[in-house]
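The opening position of the sequence shown corresponds to residue 0 in numbering that gives the first Met the number 0, with each subsequent residue numbered one higher. We put the beta carbon where it would ideally sit given N, CA and C, even for glycine. Heads up: the structure comes next, in structure tokens.
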Amino acid sequence: MLRTQTTAAARRPGRLILTGLAILVASFVVFGTVLVQQITERTVRDNLSGTPSVTDLVIGNVDVPPPTVIDVRQIRAVPGVAEAVARVSTGVSIGEGYLNLQSDPGTGPLSTVRVIEGSYPDQPGEIAITPRTAERLGLSVGTTTSGTGGELTTPAPLTVTSVVETSADAGYDAYAPDSAVIAWARLTTVERVDVRVAPGASTDAVRQRVTAAVAGQPIRSGAEVREAEAQAAAQQVGRLFILVGMFVSIAVVAAALVVTSTFRIVFAQRMRQLALLRAVGASRATLVAALTAEGALTGLVAGVVGVASALTLGYALPAILRTAGHAVSSPGLPLVEAVTVVIGAVVITVLAVLAPALSAARVSPLEALRAASVTAGRRGIGLLRLIFGLLLAVGAILAAVGTINQLPKPEQSDYDPSIPLLLLVGSGALAFFALVALGPLLVRPVLAVVGWPLRQLGPVGRMSVGGIGGTPRRAAAVSVVVALGVTLISGVVIGGASLQILADREMALSAPTDFEVTSNGGTLPPAVVTRAEAAHGALANVVPYRMVGDVTLLRGGDKLGDVESGYPTSDLDLGALPSTGALDVAQGTLADRGPGRIVLNSWVARDAGLRAGDTVTLAVATGSVDVRVAAVLPGDGPLHAGILADPADLDRLGVPAAYTGLLADAAGAGEDGRTAGVRALRQAIGGSDGVGLAVLADERDRNDALVRTLVWIAVGLVSLTVLIAVVGVGSTTALSVVERVRESGLLRAIGLSRPGLRTMLTVESGLYGVIGATIGLVLGIPYAWLAVQTLGIEAPLTAPVLPLAGLFVVLVGLTALAGVLPARRASRVSPVEALGADN
């Protein structure tokens, strides 16, 4: 029996490849993930350490008191120390903004910067800046400004002597030698000291001398520090790949389902052969063992080819990237992981083949008398499977209801998402397995809806729909995998869109414009506002505002809320800010805001016990005014204001007319427009004391980039399941073509053209995608909503119609393309050959 089955498999290698193609792809993905993790971790370790490679010793640690300036001098005096650099950074407030002043020698092996203009600082009060900092702050070589930082409380001059290039440029970076930074900022301690040992000196001997000189300070080797820095970064990579592993596991499950479906087709095509084996004496157990051995052979071949392909690409890709100038490390040779993946491929294939083998082994010997070698596929499901599927569906519904009951309440502040998330994952898993069990019953109703337009297109459309409907178990097996991928991707797309709206809303609150000019607790000089409003070429949407910090809420003379000093209140004009269109409300409407009407953030509303429509009194030391609550925001208010009032109401309260801050957008796009806006505001500020400038757009850009990156990573991961699904559709269509050679010949004989036959089979292949995508969207949208709500982040449910429609079209297109080659193969067979074939 084994010899017969293995000989048959070897005689038809194409069928063997088609049967194990999904496992081959899964093996490639799994082992490829192992290699990618090794490449990423090694690249991080080799390139992302912030400590120069020539550093021999590092003195200081965040867990103990830092080294002092005296310690630095003692270390430099130790025999054998060629260079000792104190690493220290301090924030500097200057009239035009903020600088992060860091120590760096500027030259030599321990330097991390490179001078590209001017000469590096060598005196206290001299600094080097990065190119982006120069653009943002309008500084250049020779410019002098003043600021405070460290222990320095009165402004002291700072002169730019050079522009330097660094590995990262945040737009507010400045550098100087450690002695200059320490003297200017009047520092007494440093963060750590990097030591380079003189050539020919013993590192161990120098370490002992340094230990004696600065007793109590931890001393580590440079290699230890670099390894620790790399390990910290690699740990983040490891956490990311835990998430990757979850999605890869889902792809493996999908591959197992596809392989189960393909084995059912293959065994159905060989039913006459199997019946002959039964007729000549083979028992059912022997038949099951032989078919299982065939599955093991398929898994072994697929696993070896998948692992070998991944290994080849894993070594070739870093080498190609290195030739292009990218610092990418090569992976190791993980033999244990490779063997594990191959064994896993064999085990999964054996598990996948068991059910089809048991079903095929029940063939009666009388089936050998059939004229055809292929048996019709079963259309229904057994009673036991029906009951099991219904139980799974009920379990999924109950788990979803439990998740809804665990969602955070509006007033809840101690919400823990772990239990609801666990229930949600359990519900999704039960729903998927219920879909696997009940899928054949769902194919026909879904096909009746989605196949209606095709039936109106004529005989080819009706035959395509009939071909899928005639084998519902096969259609369900493939469509379920497509549905799994669509459910995951649609959930990611919907969740990502909801998170993006939440992020836009949060940015509209904390960073409503590109720039903010503040008075640091005072008021802006009127000339600053006038000059900013006049800078039309560089600035747009210039909106000055007043902020008052001691407004209380009264009702009938009684103070509302528990805040002693009052709530921060602003008269910021929301209508003048384009970004406020991203704001939504929990109660009321923002359009109702005006004189005598206020907007509250959620915390103030809860603390004061107010709702939209309530009347209340605003009070300060100089007066009071009666107002009505027009709206309540779902979270914080713009610029963290608790109350948004109309300017007329602040005037009636006796608040001074002088503005305390100003918001503005850049008139131009991109970095050039932003730089022009910064320069215009800096000119408007002039030499005004206590006036600062913040670039809020940088924070918004970082936030948007993070959300987009997370969404694209998630889409890429769940696309692995879609890849397996498309492979399954192609395999199923190819095997179906072999099974239906006579049918194809008959259709050709009665007049169906070759293009018509190709179209029919390609449409059938695309229908797998239509059914799966439809079921996937029906499941994906509610589960995405539950996932967003379960996180407790108050993100609104958003269903982006165009991306979801695009997803539907792309999936249908991919599954249709998977059937193009099998359809072309079927159309090439002549009707005479097809009618005479015995498959």
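Residue closest to VAL819, alpha-carbon to alpha-carbon, out of GLY771, ALA786, LEU785, SER730 | Its Cα nearest to that of VAL819, the residue SER730 stands out among GLY771, ALA786, LEU785, SER730.
Item to complete: Pull up the distance between the alpha-carbon of ILE774 and that of VAL163, whole angstroms please.
Response: 57 Å
Review point. With DSSP run on the structure shown, which of helix, strand or coil describes ASP172?
Key: strand
For VAL63 versus PRO217, is the C-beta distance shorter than 8 Å? yes
Along the alpha helix (DSSP H) that carries ASN540, what are the first and last residues, could you check? First-last for ASN540: 538-544, but that is the beta strand (DSSP E), not the alpha helix (DSSP H).
request  = Determine the burial state of SER564: buried for a count of at least 16 other Cβ atoms within 10 Å of its Cβ, exposed for fewer.
outcome  = exposed
Pick helix, strand or coil for ALA370, following the three-state DSSP scheme. Its pLDDT being 47, under 50, ALA370 is placed unreliably by the model, and nothing is read from it.
Exercise. Per DSSP, what kind of secondary structure is THR67 in: helix, strand or coil?
Worked result: strand
inquiry  = Between VAL550 and TYR566, how many whole angstroms is the CB-CB distance? I'm expecting something under 8 Å.
reply    = 6 Å
*Take every Cβ of the segment 163-181, pair it with every Cβ of the segment 209-216, and state whether three or more of those distances are shorter than 8 Å.*
Contact fails: fewer than three Cβ-Cβ distances are below 8 Å.
Out of PHE514, THR588, ASP561, THR568, which has the shortest C-alpha to C-alpha gap to GLY574?
When each option's Cα is compared against that of GLY574, the closest is THR588.
Handout entry: Neighbour-count burial assignment, GLY148, 16 or more Cβ in a 10 Å radius
Key = buried
- Compare the C-alpha of GLY137 against each of THR153, SER118, TYR97 and name the closest. Measuring from the Cα of GLY137, the nearest candidate turns out to be TYR97.
- In the segment 133-195, which residue ranges form an unbroken beta strand (DSSP E) of at least 3 residues, counting only runs that do not cross its ends? 143-148, 155-164, 172-175
Helix, strand or coil at ALA222 [DSSP, three-state]: ALA222 carries a helical assignment under DSSP once its states are collapsed to helix, strand and coil.
TODO: Leaving out five residues on either side along the sequence, give the residues of the same chain with a beta carbon under 7 Å from the beta carbon of LEU20.
DONE: In the same chain as LEU20, and ignoring 5 residues on each side of it, the C-beta atoms closer than 7 Å to its own belong to VAL726, SER730, in chain order.
Is the separation between the beta-carbon of LEU406 and that of PRO419 shorter than 8 Å?
yes
Through-space distance from SER417 to SER743, alpha-carbon basis: 55 Å
key: Nearest candidate by alpha-carbon position, reference ARG707, set VAL491, ALA533, SER426   = VAL491
field: Own chain, CB closer than 6 Å to ARG41, minus 5 neighbours either side, in chain order
entry: SER328
Our contact map puts VAL811 next to ILE488 with C-beta atoms below 8 Å; I'd like the distance itself, whole angstroms only. Not really, about 14 Å apart at Cβ, beyond 8 Å.
- Note down the Cα distance separating GLY548 from THR568, rounded to an integer number of angstroms. Between GLY548 and THR568, the C-alpha separation is close to 6 Å.
Worksheet entry | Classification of ASN600 by the beta-carbon crowding that lies within 10 angstroms, buried from 16 upward | Label assigned to ASN600: buried.
Let me know the secondary structure DSSP gives ALA640 once reduced to three states.
-> coil
Since ARG131 contacts VAL694 with CB under 8 Å, what's their CB separation in whole angstroms? The beta carbons of ARG131 and VAL694 sit about 11 Å from each other, so the pair does not count as a contact at 8 Å.
Discussion item. Tell me the rounded alpha-carbon separation between ALA371 and LEU776.
Written reply: Caution is warranted here: a pLDDT of 49 is assigned to ALA371, below 50, making its placement in the model unreliable, and the coordinate value is therefore given only provisionally. One alpha carbon belongs to ALA371, the other to LEU776, and they sit about 40 Å apart.
* If we count the other Cβ atoms within 10 Å of its Cβ and call it buried at 16 or more, is GLY331 buried or exposed? -> Taking all protein chains shown into account, GLY331 has fewer than 16 neighbouring C-beta atoms within 10 Å of its C-beta and is therefore exposed.
For a test of the three-state rule: what should DSSP assign to VAL362, helix, strand or coil? coil
Pick helix, strand or coil for ILE126, following the three-state DSSP scheme.
strand
Taking only the alpha-carbon atoms, compute the straight-line gap between ILE319 and LEU34 and give it to the nearest angstrom.
Per the coordinates, the alpha-carbon of ILE319 lies some 16 Å from the alpha-carbon of LEU34.
Please check the pair ARG195 and THR50, which I expect to be a contact at CB under 8 Å, by giving their CB distance rounded to whole angstroms.
-> In fact, because the Cβ distance is near 11 Å, the residues do not count as touching under 8 Å.
> In chain order, what residues of the same chain have a beta carbon less than 7 Å from the beta carbon of THR291, not counting five sequence neighbours either side?
Replying inline: If the five residues before and after THR291 are omitted, its C-beta is found closer than 7 Å to the C-beta atoms of VAL349, VAL352, LEU353, ALA356, all from its own chain and listed in chain order.
Discussion item. For a quick check, are the C-beta atoms of ALA344 and ILE22 less than 8 Å apart?
Written reply: yes
List the DSSP bridge partners of ASP664.
ALA539
Tell me which residues share the same chain as ASP697 and place their Cβ nearer than 7 Å to its Cβ, disregarding the 5 neighbours each side in the sequence.
GLY170
Are VAL626 and ARG610 closer than 8 Å when you measure CB to CB? no
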